[in-house]
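Chains as they are written, first to last, in UniProt numbering: chain A, 1 to 312; chain B, 1 to 312.
What follows is the structure in structure tokens.
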């Protein structure tokens with residue numbers, strides 16, 4: 001604490017180690033209003049890797065019309081080729097995106113599905129069934145090439161248009177993504193409405209329907225301040241992959257009220273305090289977020305970043 | 001959610017009902033830089049009571065030199081005399097404060113102690129032992145008059161000058177406050193550094209040392225974003241009193257980096273989602289915080305207030 005770290009006091013029955021799946025460079029930066037130079041993105045990812053993060057979602061191979069902020073994927077990705085010890089998954093929406101990712105040597109991809117029809121139509125311009133049909137050849141080709149596939153399942157808990165999402169509905173799409181071959185799933189609370197009981201019920205239902213916790217990650221947003229409490233509940237259930245965004249960057253450009261992702265620093269503060277190994281150096285991570293915030297010209301929304309950088 | 005409420009999904013083994021102990025009018029407003037008119041304070045408390053809060057710490061009978069923002073306690077308190085069904089505890093530091101509180105008919109008081117010597121000296125200008133000696137006649141006289149006494153124990157987890165606080169040290173002062181006659185204790189993480197394992201260990205140690213959970217409340221700050229995760233852990237331990245500040249008002253004027261209290265709205269969102277009864281109407285509570293924020297001339301830091309008021 002005086003050294004910028006929490007006092008370490010473990011709790012019972014939590015995982016000894018958690019993989020922090022960093023989404024800031026993709027999920028965070030895709031929402032920036034002004035263009036972020038490619039060299040800034042590359043340096044940010046280097047600093048995140050230098051802080052000990054082992055998985056950093058680097059960019060997306062989507063049509064530049066949809067996400068202009070990530071239009072430089074072809075320039076960015078090769079600049080990271082020398083980074084060792086860090087997985088750099090990329091988001092791909094379709095076969096064209098997969099081809100671009102494969103051409104650059106990506107070894108991990110992610111597809112982005114929705115638990116609700118309305119968000120699927122608004123975000124992907126497709127029904128859920130049509131989106132799964134679009135993912136099917138992407139996942140099959142990726143698997144054939146030995147590429148690891150993550151499936152994002154957004155709007156698992158609530159949808160800004162549809163309201164609360166029935167648990168069985170999220171479970172159904174999760175199972176379908178697994179059946180298509182996704183190696184792991186990330187359960188997204190895209191608008192941040194979930195509370196711990198809802199999280200635990202969804203996890204339990206997924207387990208009952210044959211989706212083991214070991215393939216599940218959680219992806220919470222802090223719209224209502226619930227992200228870390230939900231994460232703690234998920235850890236108690238045995239989840240060992242937690243998505244977070246350095247400095248609390250990002251949100252979702254298509255979802256009303258989807259403010260920031262869970263900040264990686266707030267997450268790591270809790271995991272450090274719980275004695276859960278992440279491999280992440282909180283001071284270096286905070287420094288990376290402060291460095292980026294200076295380039296973006298506004299302070300980080302992460303409370304931990306603000307508290308630690310205020311002290312320096 | 002579409003109606004501004006989370007989907008209700010209970011978790012196992014949590015208390016069916018939680019008392020939200022609202023500290024905004026005292027702990028929050030004491031830190032305002034510009035004077036808040038007495039009638040605004042009174043109206044704020046009325047709106048909080050109207051939202052269903054059953055305990056609202058109204059003000060403090062301290063020397064106006066120390067906390068000038070609460071110098072109007074004598075004018076404020078009588079204005080609340082007709083409020084029914086809501087307890088209005090007041091903070092008193094010493095016998096003089098108790099006399100003032102009794103003269104106005106207060107039925108609940110709180111004393112404010114510290115788990116660390118440094119904060120005790122800086123905040124109370126006394127050692128811990130001297131502060132307890134000061135509280136002793138206050139508590140004894142209050143109890144003799146049938147007045148309910150809460151003991152705040154600040155800096156239970158960390159101290160900005162001393163660093164991490166050993167659990168046995170917080171337990172020792174907690175026991176002493178109980179021995180002096182405090183009916184309940186509020187365990188304060190004044191600088192917001194605690195994580196859930198630390199909270200659970202302190203609660204367990206207190207139980208072992210004869211302090212039952214039924215007399216314990218928790219008081220978390222969101223400096224590092226941990227407040228709600230810590231609250232959830234405390235609920236799992238059986239805690240049924242949670243301090244929070246409407247709109248996330250406040251902090252501690254004497255503690256470095258002590259940013260906002262846990263926002264009552266963020267807490268109520270979680271408790272509503274968990275199906276835990278609080279009696280609080282989230283929409284009316286949010287409206288009260290928005291009303292006050294307009295008078296203070298700046299937005300509420302509560303994420304739930306921002307999300308809900310953005311939608312309106």
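In this text, a Cβ means the ideal position worked out from N, Cα and C, and glycines have one as well.
Treat the numbers as computed from the prediction; the structure is a model and nothing was measured.
Bridge partners - residue i, DSSP secondary structure assignment
{"i": "residue 114(A)", "result": "154(A)"}
{"i": "residue 220(A)", "result": "189(A)"}
{"i": "residue 91(B)", "result": "60(B), 110(B)"}
Rounded separation between residue i and residue j - CA only
{"i": "residue 292(A)", "j": "residue 57(A)", "result": "16 Å"}
{"i": "residue 157(B)", "j": "residue 4(A)", "result": "14 Å"}
{"i": "residue 21(A)", "j": "residue 49(A)", "result": "11 Å"}
{"i": "residue 265(B)", "j": "residue 186(B)", "result": "19 Å"}
{"i": "residue 304(B)", "j": "residue 248(B)", "result": "10 Å"}
{"i": "residue 209(B)", "j": "residue 110(B)", "result": "23 Å"}
{"i": "residue 308(A)", "j": "residue 28(A)", "result": "21 Å"}
{"i": "residue 275(A)", "j": "residue 107(B)", "result": "43 Å"}
{"i": "residue 175(B)", "j": "residue 41(A)", "result": "53 Å"}
{"i": "residue 169(A)", "j": "residue 116(A)", "result": "8 Å"}
{"i": "residue 74(A)", "j": "residue 45(A)", "result": "15 Å"}
{"i": "residue 202(B)", "j": "residue 166(B)", "result": "9 Å"}
{"i": "residue 171(B)", "j": "residue 181(B)", "result": "16 Å"}
{"i": "residue 150(A)", "j": "residue 212(B)", "result": "46 Å"}
{"i": "residue 13(B)", "j": "residue 132(B)", "result": "36 Å"}
{"i": "residue 90(A)", "j": "residue 204(A)", "result": "29 Å"}
{"i": "residue 6(B)", "j": "residue 270(B)", "result": "8 Å"}
{"i": "residue 195(A)", "j": "residue 198(B)", "result": "22 Å"}
{"i": "residue 296(A)", "j": "residue 244(A)", "result": "19 Å"}
{"i": "residue 192(B)", "j": "residue 220(B)", "result": "6 Å"}
{"i": "residue 85(B)", "j": "residue 54(B)", "result": "7 Å"}
{"i": "residue 188(B)", "j": "residue 301(B)", "result": "20 Å"}
{"i": "residue 177(B)", "j": "residue 161(B)", "result": "23 Å"}
{"i": "residue 253(B)", "j": "residue 80(A)", "result": "Residue confidence is low: residue 253(B) scores 43 on pLDDT, short of 50, so the model does not pin down where it sits. Its coordinate-derived value is still stated next. Rounded to the nearest angstrom, the two C-alpha atoms are 46 Å apart."}
{"i": "residue 238(B)", "j": "residue 278(B)", "result": "15 Å"}
{"i": "residue 229(A)", "j": "residue 32(A)", "result": "27 Å"}
{"i": "residue 299(B)", "j": "residue 52(A)", "result": "36 Å"}
{"i": "residue 97(B)", "j": "residue 143(B)", "result": "15 Å"}
{"i": "residue 315(A)", "j": "residue 126(A)", "result": "The shown model of chain A, from 1 to 312, leaves out residue 315(A), and the question about it has no answer."}
{"i": "residue 104(A)", "j": "residue 47(A)", "result": "22 Å"}
{"i": "residue 284(A)", "j": "residue 43(A)", "result": "13 Å"}
Residue i beta carbon near the ligand GDP (any heavy atom closer than 7 Å)
{"i": "residue 183(B)", "result": "Among the ligands in the structure shown, none appear at all, so the ligand GDP cannot be discussed."}
Endpoints, alpha helix (DSSP H) assigned at residue i
{"i": "residue 200(A)", "result": "196-208"}
{"i": "residue 213(A)", "result": "First-last for residue 213(A): undefined, no H or E at that position."}
{"i": "residue 127(A)", "result": "Per DSSP, residue 127(A) belongs to no alpha helix (DSSP H) and is neither H nor E."}
{"i": "residue 317(B)", "result": "Nothing about residue 317(B) can be reported from this structure: the residues present for chain B run from 1 to 312 only."}
{"i": "residue 235(A)", "result": "227-237"}
Span of the beta strand (DSSP E) around residue i
{"i": "residue 241(A)", "result": "241-244"}
Buried or exposed (CB count within 10 angstroms, at least 16 for buried), residue i
{"i": "residue 258(B)", "result": "Bear in mind that a pLDDT of 49 at residue 258(B), under 50, signals an unreliable position, so the model cannot answer this."}
{"i": "residue 233(B)", "result": "buried"}
{"i": "residue 256(B)", "result": "Reliability fails at residue 256(B), whose pLDDT of 46 lies under 50, so the model's placement of it is uncertain and the value that follows must be treated cautiously. Exposed is the call here."}
{"i": "residue 310(B)", "result": "exposed"}
{"i": "residue 82(B)", "result": "exposed"}
{"i": "residue 68(B)", "result": "exposed"}
{"i": "residue 226(A)", "result": "buried"}
{"i": "residue 140(A)", "result": "exposed"}
{"i": "residue 222(B)", "result": "buried"}
{"i": "residue 261(B)", "result": "buried"}
{"i": "residue 231(B)", "result": "buried"}
{"i": "residue 137(B)", "result": "exposed"}
{"i": "residue 336(A)", "result": "This structure cannot settle anything about residue 336(A), because the visible part of chain A is limited to 1 through 312."}
{"i": "residue 25(B)", "result": "buried"}
{"i": "residue 288(B)", "result": "buried"}
{"i": "residue 241(A)", "result": "buried"}
Exercise for review: Only counting runs of 3 or more residues, tell me where the beta strand (DSSP E) segments fall wholly within the stretch 2-88 of chain A, in order along the chain.
Suggested key: 19-22
Point to revise | Uninterrupted beta strand (DSSP E) stretches inside the stretch 135-190 of chain A (no shorter than 3 residues) | key: 148-154, 184-189
Point to revise | Sequence ranges, alpha helix (DSSP H) only - wholly within the stretch 256-284 of chain B, length at least 4 | key: Correct list: 264-273.
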